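Protein chains in written order, with the numbering used here: chain A, -15 to 232; chain B, 108 to 369.
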């Protein structure tokens, strides 16, 4: 792996098995099993995808629904293991694939900060030290000891974002999370992401909002049906992606 | 070595998962944590009233309440920890799909949460021993061995069950039946003498049963004040080794496929 790279993706392919049809009877089951007629159909969500992302770069992934963007992010975050190929990353990853994935809704905001922080891999001492910062960024001072099942979705997203970004990660993975929360909070998030980028955090960003990609990212990768269709400057790639002539 | 460093790194997460389990389990109940002591006491009271009458013809069991509670503590821990841990991967599905965490932490943390209950039921045991004026000998300290055995065995069984349950969900429903049978094949409630007239294969299974060995050792050191025969320790260690090896092997083999099935 080259030193200047934060993420290296080499020939990654990902295959899922889709259940093709329901088997209703034991007889059918046995016949199909004997004929080895798969109950599964292979679906290649990604096909030989390769790219490199340099340290400190901010890269947007664009593409239609189902093109494989989220699958790619999950592979980079280590959640999914690719069927073929390798992914190498350096440093810590703050995955924001869904904010507050590890929240327990019966626990209070305070308790969830420690639980969620531990999931991301933070130490308890650090969480105690930065506790007030986490709460104040999320704007939840009045609700620290309320069980989060009573929170609105915006409050949950704020809390999740605040925990995930309290320390600078080397790689920040953001999947569609800026679509939650009001514009005020969105601006706060963007500001914090920019600050992290200034401190050399690598950002990988997925959004359906082309404006946000252009606004935040310097570069972009267009993924189309599991293949890399185009890579380059964010503006160029986004324009090509948005050109109706190129999609069909 | 990598295993150990990963374990140290995620130590805080295990603590948090255990704290979470205990907090959510007793939240909103008036007696709260006190239930962990009260529950085994009440169960023991019910069972010992019923069964001390039934088993009186097999001669007097010395201190039936303590005899019973010793068996119950061990068996209930195994039953509770494995039953909860079995569903731990399935129930953590949302999390496993979104954040990378070593997956074995989920079943292991469930066993440890049950371990907290096990320690609380030790308090219940002490209370019963004091109330019944049981003879306390220094061998009581050796109780850490059977407790460690049943924990290791439960970790192994939990790894196996939680991994298999992901692709074979029927296990969630079947397992309750299996543990009921398992309980009757473990001398929890009944004295060993009851098996004198039982078919030989039943006696064979009861003696092979790892939980029988743990319970016997536990009763030796707590109730009878003697050290347990070495053969029981060997049997226990072999079972723990088998459970951990099989559990870890099956879990490792299937863990990359979890995310596709939950």
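All C-beta atoms in this analysis are idealised placements derived from N, C-alpha and C, irrespective of residue type, glycine included.
Every value quoted in this text rests on a predicted model; they were computed, and no experiment measured them.
Item	Value
Residues of chain A with a CB under 7 Å from the CB of residue 137 of chain B: which are they?	Neighbours of residue 137 of chain B on chain A: none; closest Cβ ~17 Å, over 7 Å.
Would you mind reading off the limits of the beta strand (DSSP E) that contains residue 77 of chain A?	77 to 80
Alpha carbon to alpha carbon, how far is residue 253 of chain B from residue 327 of chain B? Give it in angstroms, no decimals.	10 Å
Reducing DSSP to helix, strand and coil, say where residue 137 of chain B ends up.	coil
Starting from the Cα of residue 130 of chain B, find the closest Cα among A/90, A/11, A/184 and give me that residue.	A/90
Residue 48 of chain A by DSSP, collapsed to three states: which one?	coil
In three-state terms, what does DSSP make of residue 87 of chain A?	coil
If the cut is a Cβ gap below 7 Å, which residues of chain B does residue 65 of chain A touch?	363
Would a C-beta distance cut-off of 7 Å place residue 202 of chain A and residue 224 of chain A closer than the cut-off?	no
For residue 250 of chain B, count neighbouring C-beta atoms within 10 Å of its own C-beta (all shown protein chains included) and say buried if the count is 16 or more, exposed if not.	buried
Quickly, what does DSSP pair residue 208 of chain A with across the bridge? List them, please.	A/211
Tell me which residues share the same chain as residue 133 of chain B and place their Cβ nearer than 6 Å to its Cβ, disregarding the 5 neighbours each side in the sequence.	139, 140
Grouping DSSP H, G and I as helix and E and B as strand, with all else coil, what is residue 222 of chain A?	helix
Nearest to residue 318 of chain B by CA position, among B/117, B/185, B/118, is which residue?	B/185
Return the Cβ separation of residue 204 of chain A and residue 43 of chain A in integer angstroms, given the expectation that the two are a contact with Cβ distance under 8 Å.	7 Å
Quick test of the definition: if touching needs 3 or more C-beta pairs under 8 Å, does the stretch 329 to 339 of chain B touch the stretch 190 to 201 of chain B?	no
Is there a Cβ of chain A sitting closer than 7 Å to that of residue 119 of chain B, yes or no?	yes
Just mark residue 346 of chain B as buried or exposed, buried being the case when its beta carbon has 16 or more other beta carbons within 10 Å.	buried
Taking the continuous alpha helix (DSSP H) assigned at residue 155 of chain A, which residues delimit it?	It is not in any alpha helix (DSSP H) - residue 155 of chain A instead sits in the beta strand (DSSP E) that spans 155 to 159.
For the alpha helix (DSSP H) that residue 176 of chain B lies in, which residues bound it at each end?	171 to 193
Give me the Cβ distance between residue 225 of chain B and residue 273 of chain B, rounded to the nearest whole Å; I'm assuming they're in contact under 8 Å.	Contact doesn't hold; Cβ gap of about 26 Å is too wide.
If you scan the stretch 296 to 334 of chain B from start to end, which runs of the alpha helix (DSSP H) of 4 or more residues do you find wholly inside it?	307 to 315, 317 to 326
Assuming residue 169 of chain A is part of the alpha helix (DSSP H), what are its boundary residues?	167 to 182
On the premise that residue 207 of chain A lies in contact with residue 45 of chain A, defined as a C-beta separation below 8 Å, what is that separation, rounded to the nearest angstrom?	6 Å
Say whether the stretch 295 to 315 of chain B touches the stretch 161 to 176 of chain B, bearing in mind that this needs 3 or more beta-carbon pairs closer than 8 Å, one atom from each stretch.	yes
Check the Cβ of residue 207 of chain B against every Cβ in chain A and list those closer than 7 Å, keeping chain order.	61, 62, 63
Any idea what DSSP makes of residue 244 of chain B, helix, strand or coil?	coil
Tell whether a beta-carbon distance below 7 Å holds between residue 210 of chain A and residue 64 of chain A.	no
In this structure, does DSSP put residue 66 of chain A in helix, strand or coil?	coil
Check the Cβ of residue 0 of chain A against every Cβ in chain B and list those closer than 8 Å, keeping chain order.	367
If I measure Cβ to Cβ from residue 115 of chain A and keep anything under 7 Å in the same chain, skipping five residues before and after, which residues do I get?	97
Along the stretch 124 to 136 of chain B, where does the CB come closer than 7 Å to a CB of chain A? Name the residues.	127, 130, 131, 134
In the stretch 194 to 224 of chain B, which residues sit with their C-beta less than 8 Å from some C-beta in chain A, listed in chain order?	201, 202, 203, 204, 205, 206, 207, 208
Whose C-alpha, out of A/76, A/73, A/146, is nearest the C-alpha of residue 100 of chain A?	A/146
Within the same chain, show all residues whose beta-carbon is closer than 7 Å to that of residue 323 of chain B, passing over the 5 residues directly before and after it, in chain order.	335, 339
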